[in-house]
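All residue numbers for the sequence shown refer to numbering that gives the first Met the number 0, where the first residue is 0 and numbers rise by one.
Glycine included, every Cβ here is placed at the ideal spot set by N, Cα and C.
See below for the structure under consideration.
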Amino acid sequence: MASLLALATATPEAARAQDEEQEIIENEVYLAEGRALELRSYEDYPGRARDVHTEMHQPQVTIRDDVAWITYYWTDSGRIGEERFTSRGKSTRIFVREGGRWLCIHGHYTAVP
């Protein structure tokens, strides 16, 4: 998967071109790459979701030189339209320190039933 740093700094035109080049594997069930795809996934979420409350549980942070990662569980709830939603899961995020700033280069989220 392309790095989030590269995706975050890509121009919209480059992101669209990258998305157009992505091979669709089994209706994108297993592969979802590209800044534009990521933006499309979330661009209307703030307009649809309301009363969202998210909590982080049991965070564990590890730092090794210029690389760090955090694992944690989350719970959240809110409304989309008139429907209430809840979810919970586990997340891992990986960061690198570049130019004195910590940048998230990868995030993985797994829903927990």
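Check: Simplified DSSP assignment, three categories, for P112; Outcome: coil
Check: Among A67, R47 and Y71, the one whose alpha carbon lies nearest that of L102; Outcome: A67
Check: Three-state secondary structure assigned by DSSP to G99; Outcome: coil
Check: Limits of the unbroken beta strand (DSSP E) element including E54; Outcome: A48 to R63
Check: Integer Cβ distance of S76 from H107, believed to fall under 8 Å; Outcome: Not confirmed; about 22 Å, so no contact.
Check: Beta-carbon contacts of T85 that lie in its chain and below 6 Å, excluding the five residues immediately before and after; Outcome: S76
Check: Three-way DSSP call (helix, strand, coil) for E37 in this model; Outcome: helix
Check: Between the CA atoms of G80 and I104 - distance to the nearest angstrom; Outcome: 32 Å
Check: Three-state class that DSSP yields for E27 in the structure shown; Outcome: Because the pLDDT at E27 is just 48, under 50, the model does not fix this residue reliably, and the point stays unresolved.
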